[in-house]
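In our numbering, the protein residues as written are 63 to 543.
Here the structure comes first, spelled out in structure tokens, and everything after it is commentary.
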Ligand SMILES: [Zn+2]
Ligand SMILES: [Zn+2]
């Protein structure tokens, strides 16, 4: 399971069903606890283990089945430090080598898994009914362009405000979703919803305020910013990007007596913690829960009639080839929080570009069309599942050192059949923790994997053998997420 979903509730259910043969394992346990579980697994005392990604590394003696719940979840990837592995892929590999089966469960599969399932590599089972006969929510798009005059400054449309008011009157609760990735500001035309895209990649350009220019974070392409919309000639171009705290403040101003709580990384750290916030909401002490993607994960509330998604544009317009996939998954997951048994919930999605194809698929509940379109794009622009990605990051406290090491690395790689090598480029966030980064992206076809692996090893060695690059840190990440 993804880390966050390791709730007491699930452990309780498992123990109830399987008793003493069910064990729990995750990295929050201390060393002696972990050794104890490790031993017990080895001696086959546990027949069922519930765990986060590291549970895969336990010494299973007779593995029969691995179930990966919410297989699309990005937290399955261990990013830092090494070993950088994706728990879903590791589970599949582990199960296969043990002659065991794997079940991947999700309502919003990753594009890779969907492709594997539909192309016959995996088996495919579709649940066509929701749990306990729940209806799909009534999902509607709300055009942000309907705001006018003073209201333009607001991040709430009248539709959303009225629906919050109604929920309050009917003593029902509301979840408002605003994702955290607001640090990448982008430009959007307030009149037609146009937003600048890179000429080489299927991603949005990121606005860099310091230099007043647009950059592609994937291929490094840059250009002057626009002062007029090339689609409709409007000069009203907006820079978008706002977070949960602002949403909370704005809403409180609109409804002074509304009880609002916030669920995001900051709130969890500084306030009363994750469980307390959830509990207050469950007990009805809070009317509206404003949150980041933390509100999309594994929560079942009984009294939520309305889910509001503050900015679909912001979800879909970040510079990553997975923007559509991720936006789709997040919106579908948070939509699932609306409604309860025998009562249909309502989902309002605010957007400037209401014609975005992903939004159309969401309101029509047409997931197969979404995946078909997404796969077509991936094929066209050469992204997974049609190629494997390998990202090489070079870090150094001097910027020119990290960039030049990148050039040396690319030169050492040379040309490799079946591979496209992009970069080095300076990423959007050039310096992290005092170190400048440069990035190389390799798109490799399956046939080229063996060669590229050896090439990366030797290029790394030769780059580090150059005196001025000896202190450069080189990180290789296969299948980055
Ligand atoms: Zn680009
Ligand atoms: Zn326009």
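Note that the Cβ used here is the ideal one computed from N, Cα and C, for glycine as well.
For the structure I just gave you, are there three or more beta carbon pairs, one from the segment 246 to 255 and one from the segment 385 to 396, closer than 8 Å? no
Roughly how far, in whole angstroms, is the beta-carbon of residue 500 from the beta-carbon of residue 533, given that I think they are within contact range, below 8 Å? Incorrect: roughly 14 Å between the Cβ atoms, too far for contact.
Own chain, CB closer than 6 Å to residue 333, minus 5 neighbours either side, in chain order: Only weak support is given to the placement of residue 333: the predicted model assigns it a pLDDT of 47, under 50, and the value that follows is read from those uncertain coordinates. Hits under 6 Å: none found.
Spell out the partners DSSP gives residue 239 in its beta bridges. 353 and 371
Span of the beta strand (DSSP E), counted from its first residue to its last, around residue 500: 497 to 506
Distance cut-off 7 Å: residue 257 Cβ against heavy atoms of ligand 2: no
Helix, strand or coil at residue 482 [DSSP, three-state]: strand
Determine the extent of the alpha helix (DSSP H) in which residue 390 is found, giving its start and end residues. 385 to 397
Top-ranked residue by Cα proximity to residue 192, from 539, 415, 413 and 405: 405
Classify residue 22: buried if its beta carbon has 16 or more other beta carbons within 10 angstroms, exposed otherwise. Any answer about residue 22 is impossible in this case: the structure gives the chain only from 63 up to 543.
Backbone secondary structure at residue 544 - three-state DSSP: Here the chain has residues from 63 to 543 only, and residue 544 is not among them.
Buried or exposed for residue 347, going by 16 or more other Cβ atoms inside 10 Å? exposed
According to DSSP, is residue 325 helix, strand or coil? strand
Quick check on the DSSP output: the alpha helix (DSSP H) that includes residue 111 runs from which residue to which? From DSSP, residue 111 is part of no alpha helix (DSSP H) but of the beta strand (DSSP E) over 110 to 113.
Going along the chain, which residues of its own chain have a beta-carbon closer than 7 Å to the beta-carbon of residue 426, five neighbours each way excluded? none
Kindly give me the distance between the Cβ atoms of residue 234 and residue 365, rounded to whole angstroms, as I take these residues to be in contact under 8 Å. 6 Å
Where residue 449 falls, given that 16 or more other Cβ within 10 Å makes a residue buried: buried
To the nearest angstrom, how far is it from the Cα of residue 543 to the Cα of residue 115? 15 Å
What does a CB cutoff of less than 8 Å around residue 479 pick up in its chain, not counting 5 residues either side in sequence? 510 and 513
Cβ-Cβ distance between residue 179 and residue 186 below 8 Å: yes
Measuring CB atoms only, is the segment 348 to 356 touching the segment 320 to 327, in the sense that at least three cross pairs come out at less than 8 Å? yes
Got a sec, what are the start and stop residues for the alpha helix (DSSP H) residue 454 sits in? That residue, residue 454, is in no alpha helix (DSSP H); its beta strand (DSSP E) goes 450 to 458.
Classification of residue 208 by the beta-carbon crowding that lies within 10 angstroms, buried from 16 upward: exposed
Measure from the alpha carbon of residue 199 to the alpha carbon of each residue in 130, 399 and 133, then state which is nearest. 399
So, for residue 528: in the same chain, excluding its five sequence neighbours on each side, which residues have a beta-carbon less than 7 Å away from its beta-carbon? 470
Tell me whether residue 133 is buried or exposed, calling it buried when 16 or more other Cβ atoms sit within 10 Å of its Cβ. buried
heavy atom of ligand 2 below 7 Å from residue 251 C-beta: yes
Sufficient close CB pairs (3 or more, under 8 Å) joining the segment 481 to 492 to the segment 409 to 421: no
State the Cα-Cα distance for the pair residue 493 and residue 74, rounded to the nearest angstrom. 44 Å
Throw me the rounded Cβ distance for the residue 390 and residue 432 pair, which I believe falls under 8 Å. 6 Å
I need the straight-line Cα distance from residue 144 to residue 314, nearest angstrom please. 44 Å
Just curious, the beta strand (DSSP E) that residue 284 is in, first and last residue? 284 to 286
Between 518, 434 and 488, which lies nearest to residue 473 when the distance is taken from Cα to Cα? 518
Per DSSP, what are the beta-bridge partners of residue 277 in this structure? 268 and 284
With DSSP as the reference, label residue 183 as helix, strand or coil. coil
Compute the Euclidean distance between the alpha carbons of residue 158 and residue 260, then round it to the nearest angstrom. 40 Å
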